[in-house]
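Novice: Protein chains in written order, with UniProt numbering: chain R, 1 to 335; chain G, 1 to 335; chain C, 1 to 335; chain P, 1 to 335; chain U, 1 to 335; chain A, 1 to 335.
For glycine and all other residues, C-beta sits at the position ideal for the given N, C-alpha and C.
6 protein chains.
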Amino acid sequence: MGIKVGIIGCGSIAKFRHAPEYQANPHVTELVFYDRNAARAKELALEFGGCYVETVDELINDPTITAISDCSSNEVHHIHTSNALLSGKHVLCEKPLAINVAFAEKMLEAERKSGKKLMIDHNQRFTKAHQKAKELLDQKELGEVLTFKTTFGHQGPEGWGVDKSNATWFFKKDRSYSGVAGDLGIHKIDLIHYLLDDEIDVVHAFHGALDKVDETGEKIEVCDNVVCALKTKRGRLGTASFSWTYYGAEDNSTTIYCEGGIIKIYQHPEAQLIIEKKDGTVIKYELEPIQTNENQTNTGVIDAFIDCIINDREPPVTGKQALACLKVIDQILGL
Amino acid sequence: MGIKVGIIGCGSIAKFRHAPEYQANPHVTELVFYDRNAARAKELALEFGGCYVETVDELINDPTITAISDCSSNEVHHIHTSNALLSGKHVLCEKPLAINVAFAEKMLEAERKSGKKLMIDHNQRFTKAHQKAKELLDQKELGEVLTFKTTFGHQGPEGWGVDKSNATWFFKKDRSYSGVAGDLGIHKIDLIHYLLDDEIDVVHAFHGALDKVDETGEKIEVCDNVVCALKTKRGRLGTASFSWTYYGAEDNSTTIYCEGGIIKIYQHPEAQLIIEKKDGTVIKYELEPIQTNENQTNTGVIDAFIDCIINDREPPVTGKQALACLKVIDQILGL
Amino acid sequence: MGIKVGIIGCGSIAKFRHAPEYQANPHVTELVFYDRNAARAKELALEFGGCYVETVDELINDPTITAISDCSSNEVHHIHTSNALLSGKHVLCEKPLAINVAFAEKMLEAERKSGKKLMIDHNQRFTKAHQKAKELLDQKELGEVLTFKTTFGHQGPEGWGVDKSNATWFFKKDRSYSGVAGDLGIHKIDLIHYLLDDEIDVVHAFHGALDKVDETGEKIEVCDNVVCALKTKRGRLGTASFSWTYYGAEDNSTTIYCEGGIIKIYQHPEAQLIIEKKDGTVIKYELEPIQTNENQTNTGVIDAFIDCIINDREPPVTGKQALACLKVIDQILGL
Amino acid sequence: MGIKVGIIGCGSIAKFRHAPEYQANPHVTELVFYDRNAARAKELALEFGGCYVETVDELINDPTITAISDCSSNEVHHIHTSNALLSGKHVLCEKPLAINVAFAEKMLEAERKSGKKLMIDHNQRFTKAHQKAKELLDQKELGEVLTFKTTFGHQGPEGWGVDKSNATWFFKKDRSYSGVAGDLGIHKIDLIHYLLDDEIDVVHAFHGALDKVDETGEKIEVCDNVVCALKTKRGRLGTASFSWTYYGAEDNSTTIYCEGGIIKIYQHPEAQLIIEKKDGTVIKYELEPIQTNENQTNTGVIDAFIDCIINDREPPVTGKQALACLKVIDQILGL
Amino acid sequence: MGIKVGIIGCGSIAKFRHAPEYQANPHVTELVFYDRNAARAKELALEFGGCYVETVDELINDPTITAISDCSSNEVHHIHTSNALLSGKHVLCEKPLAINVAFAEKMLEAERKSGKKLMIDHNQRFTKAHQKAKELLDQKELGEVLTFKTTFGHQGPEGWGVDKSNATWFFKKDRSYSGVAGDLGIHKIDLIHYLLDDEIDVVHAFHGALDKVDETGEKIEVCDNVVCALKTKRGRLGTASFSWTYYGAEDNSTTIYCEGGIIKIYQHPEAQLIIEKKDGTVIKYELEPIQTNENQTNTGVIDAFIDCIINDREPPVTGKQALACLKVIDQILGL
Amino acid sequence: MGIKVGIIGCGSIAKFRHAPEYQANPHVTELVFYDRNAARAKELALEFGGCYVETVDELINDPTITAISDCSSNEVHHIHTSNALLSGKHVLCEKPLAINVAFAEKMLEAERKSGKKLMIDHNQRFTKAHQKAKELLDQKELGEVLTFKTTFGHQGPEGWGVDKSNATWFFKKDRSYSGVAGDLGIHKIDLIHYLLDDEIDVVHAFHGALDKVDETGEKIEVCDNVVCALKTKRGRLGTASFSWTYYGAEDNSTTIYCEGGIIKIYQHPEAQLIIEKKDGTVIKYELEPIQTNENQTNTGVIDAFIDCIINDREPPVTGKQALACLKVIDQILGL
């Protein structure tokens, strides 16, 4: 018996990632789209061969829908996702989980009450290079982790949204909430938690709107750059940089320094993972090219979400993990 | 008329950098060596064809000596350098300038009183790639600088000193004072000041002794790793990492993110400087390979020091600049 | 208010360069096509969404047409372009300007009388690599130019025209006039004038039909190869080779030898511009791949032509400059 | 029975090429050195284990000497070589054969009279890449030759002579006679004759002293650059450039354009010979790196000279061939 | 007058190789398709614009058909091909010629009787690299052949057939007859015969079904791996490996060791043919990439077949040659 | 207390491998050399700072000698090694263990009786790439091994021995016994046994003297080429080629085909080990370059031998294992 999925919010992330990946998943048999702007829902229904509804309640109350992707704006995640959970749906919520910790905690409360699965779309974990790095780190091939560096930056989100301009919601305080920190930073915070099997404990950071201007020519209200020094609960030290002003090639690199060598991720176009060992040995893994805004391949997130429903497993990215990331973002922003 | 130079302290830095570069400089006609361990002074006198003296006072009071390199241990720089200046010598002092700010300020006082030149050996400024980057930044080829990243790390100083073991003075609190921060960090702090024509204003950092042990097997007393988030007076944000525990290839890279593109220094083995521009243009400069502990070429420091004496110019690295770096190191270490 | 453009002659150059580039230009709102063979005009009108006319006079006398591309055969440029100018149109004339100097001088006369703009399609100036080289030469980054070498050659024009055979008009004396000299040579003569801000003064050359045969198997009447030694007014010396018989990869390279180093253009597949300096520094510019007959990208010529009309600027390639090139071709051919 | 060889003139060419290659040849058993400056002869005798004589006549009249290398200055070749031949010696004369055609003709007269062998050191013929190209051309693998390009240029001869300064004899009218034309050009003229089995018939050229100055700061009296358009007896067209002012990497490249493809020699650091065929096939020959002033390997010239003596064969580079080259140089210089 | 061709069997080989290559051949004017499963014949008729027939006899008896491709299953080649020959058709028969030697001999008998041409699709001979190797070997550029190595292996035929599963006929004893030996091995046996102008005389081999299972999960009945030591009539020694279990990149390499060097075929992605000579010279031929199951280009086989009909030449792969290969396969399998 | 070592036989293997590696081993304090030709023993004693003896008995009976390297000719291994063992020495015997199985069995008998250690110099096991491959195979990273290919070939042993000519003992029946099979083949047979943790069970092979001639111009008496098909006890199939007539680069490659991918050893100059996996992942290990006759680095064999003495462990290559290899060689040669 196939799974019927509802998608709330029909922006770019729904169009380019959720909808096509549900379509490609063999267990998903039907798609229902909702967007405040019904035209957008209709368009996706057409493109991906499903139907659409006019109100979010139709979706949430439809008893034949088993699972929901919450691709709504960040500021309403806590409403839609909580309602969906409490209506008995499994929910895959886009990142960031919520625009503040209090909202996020209510979502986790809804998860607990409902007994349904809540998964968050921290998709960095699912790339081949990050999965291989995780495997090597878990096996302690290079001993314990000592320090790390991680970066996520590109030329900015103006080109990503539907309207490709600097009027983008990413630049609005009330909708994006945390600027580049929530857009890019949260991905790599989650990745560090995942790879190191550890949690950021203390953050020292600076953030600011250094270059981006909105449609009126004013400096944007949210930060376009974050730099941090980080310390984990297990005592590892690291730096992180998140930026919308890297005006060259996109950079999604991470380096993990261990007792026995170094793991370099996404630093070479052909070898996505490189290991340098103390004795001079270099091991190059040619896996798959990194996903960039220009290179969209299957993230694996949808398959993982459907899989945890079918096999009744814990989601690979839990609400609790996402909350931990959100708290780090709060520390970064000094909230 | 040639210049007679005295060298105080005959360890590795004197042997591998100062002595050979003085020897290669056409204006230097005589070398006099001093070390607390007279045997080492004698050895260098033999190797580089000069003489040696038994006491530091002989050197400082020799009226025929015009210039002095202070290659003594960090903890006595303020004594030897100050005395030399006050005795009318120009002094090139090894980095870090001193083991605390108070001592350093006294050295600057001595410089002022004596009217002699004090230069500090922050040699990173002199590499071809850094000089080219400086030129591009000064000309604003890529507009203003927004953010930056800098790193200096290798497998540790155990292999550098004369005795190649973890009994090295680099690991001793009372002699190295600031561990990797003073050994490697101060180079890149100075470099950032130089390249950006700016000064680090606020530092958020973590530091610790994460891996290195001394000859007794105890964790070392000074830090082997530093990670920082930095903010400059002109509002640029950046990260820096300094490490003795990068157990792979040495990393002395710096990245400068500007309004019009990115400058990548020492990130590619053949192209020491790479520019990525907003329009996709990539420019690769094949200059000279970076100096590493294994690849020692002429630093240009000695030539610059002699040049500022002969032409009565301000030294390219002043005591004031070195003091500014020292204050940043103090911030890093939370002093 | 948009610009209405007329195109005279609907051969390959109109189809592959002029029409699509006008279509892509935001200021051009209408296209009108004319060809002696009305079917070809009709076909392009269909493809690029404009209309066509049956006689050239309709085009030239249409008061709503502001600008005209003269893509007619070389032997009638002087008629159509002069008429168009005198009818008050700005004209972009294909190269070579005319089949002899006398005709060309009449065209310049028409330009002067009409007060309209005459631009010639010497498109080599507009490639990214040539523009960057020009910038470096103007800034005297490598000092003064001493000597140069330039080449333009490929397997021949048989494959370029509409009928892809050796019955091509390029091989006919009465239509192509100057063979490879006018087809390829004039491009690089103009480029040398442009890059060096100088003019070829004396030419020593050989030319001949060494290999190409026409549809009857006879050696062609125009030259398929030119080799020259060149001297500029400012005393620079160089060589040039133009060929339709380079039976390997196309070669459109130029090398400029300066007092401080060498500029190599289009000699490496990835780095379109390479600078070698006296001190051993090598700088590689990865710009865009060169245009070849197989790789047609926007030349920038149409945009430049429209831009000089809108902003009432001097065309970037003037009739006077084109005449200078034509005189060099005459010298090459010994006319 | 071994061959005893005399060397006239003990400058760089004798020291770095003739003497070591005679020493390495198994048939040569004794070396005798002569130089106007006896000290230099003595030095080489010491280094290569031979004896030296005080006057050139001792050498020329020594009945035990079979063969002579004439490494004297260009302006006395015709004297020494003619005398040696007429005294019954086989002579290997350095290039250029003589400083004018009349002298050269007398040398050929001496050769004819003496019945001895006269070989000229046009060593370009002997490199592996040139030999392979010759073989391919002789076999007509790519059909007939149509056109060609050849170049020989570097940063100038100042660093080559014994005294490494711009007081070098290469810059003196009375000793070098033809500047870069005789130094570098004659090599490539000979090479073109050899590869194409043809002879330059008409030359159109410019030459000049564009950049080099002598020890007084005056422009040099001989040309430092030559550019030519060339036509062979069999109707092939080509260009040639010879330069002492290529202030980047040395360039000794030649390209031969044939009916069926292109032969590229010394244009790629690893593949010294590359063939591009009409059908797109590319064949890369990795032979040996080209000889430059910095990379001196066995030229093969000495072995070939000794071999033609032992086996009584015609020398691979005859006086007649060298005379033909000299006449081309005369045409280049407009003499 | 064009040739009308019949195709017997409409599986993958007909669809991807025979039909499109006949379609591209200028001499072939009509195609007629037959398959036991008429739907498949119909489909190809539609795709390639021919007609189809319901019985094989219609095809064989059609007097307007000149040539036939026998793409039927291996076990019926001897029936269809023999009948076609005896009906006066020229036949191109897929490999392997037949499932046993006796059948094959009857086919040759039919060929002799009919006087028609029988060609076998041993297409390895026709690749550019193999043709170039043959030319070099025939010319004895490297002297005589001493030894050789050849391999043909990939991940298995499951993905090649129409039904892309391990129910493939390749795995069935009664249809594929000889497993990987007949599928891949016969290609390389024929290639060795062709390249060396020699014949395998004695074979020592092992074969087995080491890994592949059929649709029931049982080990397959035919071999998935063959390894052999080989000796030719002229005394050359070699090894061969044929495999359906190379679970990485496809390998179709051959190495020929000669008295003067080594010929390496299909061992480098860009240089399909590499020659290493005794003296260290390496010659790299960049021809065309090898055909793999994923990279299907024109094999040249159809053109060669049509050419031998039109010009009444002996087919480039004769029945006799194919029989010789079949006998080697028998030896390999110990039959 | 240091170990005193005796070396029997002072040919190339003693001079280039045993002596320098003993000298570099920190536990070895004295070296004693013996050779039938006392001059050679004396020479090595001089070079490596030991003493030499005139008779082999002096060595074998010296009670202060703990360990012996038997570098004598193959035909006397069984005598010297057995005697040494029975005199209470640990013995490292060069490969091949003996010239026939019967002799080898006596040596194992001597080992058993003496209770001393016998190790054989099968040094291929010790290279980094082979050790890494072993580790990956033991961990079944790619599942079970299915098939394999191995090769060992070069231009021949003429250049290896002391007298560098084709009078070498390698070419003599009575001294080398098994030609290339014993020289190169035994290394790779042992390697296959080691890597696969398996043993060759059946061998089908051809061998012959195809090209090499001895000093009289006669074909040599031993084989210069071997080709084999191999089957192991656990059912894996493979091919092997051993050759002295690979007249290009040396080839010491091995490929292991597994259920989940392929391991390629020594097939790429920079990545000595490459893994290709079923899913397309490629992993490249940059370890150390392979040892060739031109590139001699520490084999690790001597260190392993000394280590097993000091720690009383089983030698990493036992007499039993060497005997198994010898039996395979016998099968290859049909003995």
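Leaving out five residues on either side along the sequence, give the residues of the same chain with a beta carbon under 8 Å from the beta carbon of residue 105(G).
Specialist: The answer, listed in chain order, is 323.
Novice: I'd like the span of the alpha helix (DSSP H) that includes residue 323(U), first residue to last.
Specialist: Its alpha helix (DSSP H) spans residues 319-333.
Novice: In terms of residue numbering, what span does the alpha helix (DSSP H) encompassing residue 307(G) cover?
Specialist: Counting along the chain, the alpha helix (DSSP H) containing residue 307(G) begins and ends at 301-310.
Novice: Could you name the residues of the same chain whose beta carbon sits closer than 6 Å to that of residue 52(R), not counting the 5 residues immediately before and after it, in chain order?
Specialist: For residue 52(R), where only same-chain residues beyond five positions count, the Cβ hits under 6 Å are 33, 41, 42, 45.
Novice: Report the option in 246(U), 7(U), 272(U) whose CA atom is closest to the CA atom of residue 286(U).
Specialist: Of the candidates 246(U), 7(U), 272(U), the one whose C-alpha sits nearest the C-alpha of residue 286(U) is 272(U).
Novice: Once DSSP output is grouped into helix, strand and coil, what is the label at residue 116(G)?
Specialist: Correct three-state label for residue 116(G): coil.
Novice: Under a Cβ-count criterion, where at least 16 other Cβ atoms within 10 Å of its own Cβ denotes burial, should residue 218(C) be classed as buried or exposed?
Specialist: The residue is exposed, with fewer than 16 neighbouring Cβ atoms inside 10 Å.
Novice: If we call anything under 8 Å between Cβ atoms a contact, is residue 202(R) one with residue 231(R)?
Specialist: Cβ atoms of residue 202(R) and residue 231(R): closer than 8 Å.
Novice: Can you tell which of 83(U), 226(U), 234(U) has its C-alpha closest to the C-alpha of residue 204(A)?
Specialist: Checked all of 83(U), 226(U), 234(U); the closest Cα to residue 204(A) is 226(U).
Novice: Among 263(U), 241(U), 302(U), whose alpha-carbon lies nearest the alpha-carbon of residue 183(U)?
Specialist: Selected option, being the one with the closest Cα: 241(U).
Novice: So residue 192(C) is in the alpha helix (DSSP H); what residue range does that whole segment cover?
Specialist: Element bounds for residue 192(C): 186-196.
Novice: Suppose contacts are defined by Cβ-Cβ distances below 8 Å. Is residue 126(A) in contact with residue 299(A) by that definition?
Specialist: It is a contact, given that the beta carbons lie within the stated cut-off.
Novice: Checking 8 Å against the spacing of the C-beta atoms, do residue 7(A) and residue 19(A) come in under that value?
Specialist: Against a cut-off of 8 Å, the Cβ pair of residue 19(A) and residue 7(A) comes out as a contact.
Novice: In whole angstroms, what is the alpha-carbon distance linking residue 177(G) and residue 253(R)?
Specialist: C-alpha separation (whole angstroms): 33 Å.
Novice: With contact counted as at least three CB pairs below 8 Å, one residue from each stretch, are the region 247-263 of chain U and the region 138-149 of chain U in contact?
Specialist: A contact exists between the region 247-263 of chain U and the region 138-149 of chain U.
Novice: Answer with yes or no whether the minimum CB distance from residue 206(G) to chain R is below 8 Å.
Specialist: Yes - at least one Cβ of chain R is within 8 Å of the one on residue 206(G).
Novice: Between which two residues does the beta strand (DSSP E) containing residue 78(C) stretch?
Specialist: Unbroken run through residue 78(C) is the alpha helix (DSSP H), 77-86; no beta strand (DSSP E).
Novice: Let's see if you can read the secondary structure: which residues bound the alpha helix (DSSP H) around residue 233(U)?
Specialist: Run containing residue 233(U): none; DSSP gives neither H nor E here.
Novice: Suppose only complete runs of 3+ residues qualify. What are the beta strand (DSSP E) ranges in the region 11-62 of chain A, listed by chain order?
Specialist: Taking only runs of at least 3 residues, the beta strand (DSSP E) segments lying wholly in the region 11-62 of chain A are 28-34.
Novice: Compare the C-beta of residue 323(C) with all C-beta atoms of chain P and state if any pair is closer than 8 Å.
Specialist: No, residue 323(C) lies away from the interface with chain P (no Cβ there is under 8 Å from its Cβ).
Novice: Let me make sure I understand the geometry here. Which of 312(P), 179(P), 335(P) has the alpha-carbon closest to that of residue 67(P)?
Specialist: It is 312(P).
Novice: Comparing the C-beta of residue 282(P) with each C-beta of chain U, is any distance below 8 Å?
Specialist: Chain U contact via Cβ: present.
Novice: Report yes if the C-beta distance between residue 175(G) and residue 72(G) is below 8 Å; otherwise report no.
Specialist: No, the Cβ-Cβ distance between residue 175(G) and residue 72(G) is not below 8 Å.
Novice: So which of 321(C), 280(C), 186(C) has the shortest CA-CA distance to residue 197(C)?
Specialist: Comparing Cα positions, the closest option is 321(C).
Novice: Among the residues of its own chain, which have a CB less than 7 Å from the CB of residue 246(A), if the five just before and after it don't count?
Specialist: Closer than 7 Å at the Cβ level, and outside the excluded window around residue 246(A), lie 153, 154, 155.
Novice: Relative to chain R, which residues along the region 52-67 of chain A have a C-beta separation below 9 Å, given in chain order?
Specialist: Residues passing the 9 Å Cβ filter: none.
Novice: Going by DSSP, what residue range makes up the alpha helix (DSSP H) through residue 176(C)?
Specialist: Residue 176(C) -> alpha helix (DSSP H) spans 173-176.
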